[in-house]
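The numbering of the sequence shown is the numbering used here, which starts it at 4 and goes up by one. Each residue gets a CB set at the ideal place from its N, CA and C atoms; glycine is no exception. Here the structure is laid out as structure tokens; the discussion comes afterwards.
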Amino acid sequence: MEFITKSKDETIALAKRLGHFLKAGDFLALKGDLAGGKTTFTKGLGLALDIHEVINSPTFNILKIYHGKIDLYHIDAYRLENNDYDLGFEDLMDEGLTVCEWPEYFLAYLPENYLTVEFTYLDENTRRLTFKAKGKHYEEILKEFKDADAMS
Ligand SMILES: Nc1ncnc2c1ncn2[C@@H]1O[C@H](COP(=O)(O)OP(=O)(O)OP(=O)(O)O)[C@@H](O)[C@H]1O
Ligand SMILES: [Mg+2]
4 MEFITKSKDE TIALAKRLGH FLKAGDFLAL KGDLAGGKTT FTKGLGLALD
54 IHEVINSPTF NILKIYHGKI DLYHIDAYRL ENNDYDLGFE DLMDEGLTVC
104 EWPEYFLAYL PENYLTVEFT YLDENTRRLT FKAKGKHYEE ILKEFKDADA
154 MS
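Quick look at the structure:
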């Protein structure tokens, strides 16, 4: 499933639409280019979860927790390059939506199934977002999302 967005607001709106289909315990892997829009996308997910705090890049924190209708665990694994960091929050993951930027540096903690969004920088204001489901649960989420999208 592929989308082209032509502004950051379009990326936020797309994420917000997807966010309505996500539940506590879900895991999203946001991959791809620097400045691809991963953090921007997370802001849109926050809107769907009724999070009123500003969501920023957690680069210096690795993990930030936001409270909303569902809690959001926002991870930026960019600094975990060696993959051997113990965040000690695995027990929490069932209780909120986990969104991980740079999942390639978080391999040790990736659940068996998750939804990947891959960001490709096309030009200054244009990005391609590719959604890929791993596992039946996420295939169903994408299907619901697609059906709802077709009706709107
Ligand atoms: N279509 C678009 N979608 C998303 N962001 C866009 C778009 N067009 C322009 N932008 C700009 O691109 C930048 C995306 O930055 P953002 O922090 O979301 O990227 P990122 O993928 O999280 O980067 P990093 O890898 O450094 O964490 C923002 O400055 C945003 O305003
Ligand atoms: Mg980012």
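Consult DSSP for residue i and reduce its assignment to one of helix, strand or coil.
i    : result
K135 : strand
K26  : coil
D36  : coil
L110 : helix
D152 : helix
E5   : strand
H77  : strand
G71  : coil
L17  : helix
D94  : helix
E104 : strand
E214 : One cannot answer for residue 214 here, as it falls past the ends of the chain, which runs 4 to 155.
L31  : strand
L50  : helix
E142 : helix
Taking all protein chains shown into account, decide if residue i is buried (16 or more other Cβ within 10 angstroms of its Cβ) or exposed.
i    : result
K41  : buried
L118 : buried
K9   : exposed
I73  : buried
I7   : exposed
K26  : exposed
T129 : exposed
D152 : exposed
L33  : buried
L83  : buried
D79  : buried
L110 : exposed
L37  : exposed
My understanding is that residue i touches residue j, with C-beta atoms under 8 Å, so please give their C-beta distance in whole angstroms.
i    : j    : result
G35  : F122 : 4 Å
K132 : V102 : Reading the sequence as shown, one finds Leu at residue 132 and not Lys. 14 Å between Cβ atoms; not a contact.
G47  : G71  : About 13 Å; that fails the 8 Å criterion.
Y112 : E93  : 7 Å
D97  : G39  : Wrong, their Cβ atoms sit about 28 Å apart, outside the cutoff.
M4   : L145 : 6 Å
**OP:** Kindly confirm or deny that the stretch 65-80 and the stretch 126-140 touch, where touching means at least three C-beta pairs closer than 8 Å.
**Re:** These segments do not touch.
Original post:
Given 8 Å as the limit, is there contact between the stretch 53-60 and the stretch 19-31, that is, 3 or more CB pairs closer than that?
Top reply: Two segments are said to touch when three or more pairs of C-beta atoms, one from each, lie closer than 8 Å; by this definition the stretch 53-60 does not touch the stretch 19-31.
**OP:** Inspect the CB distances between the stretch 11-18 and the stretch 100-111 and report whether three or more fall short of 8 Å.
**Re:** At 8 Å Cβ cutoff, the stretches do not touch.
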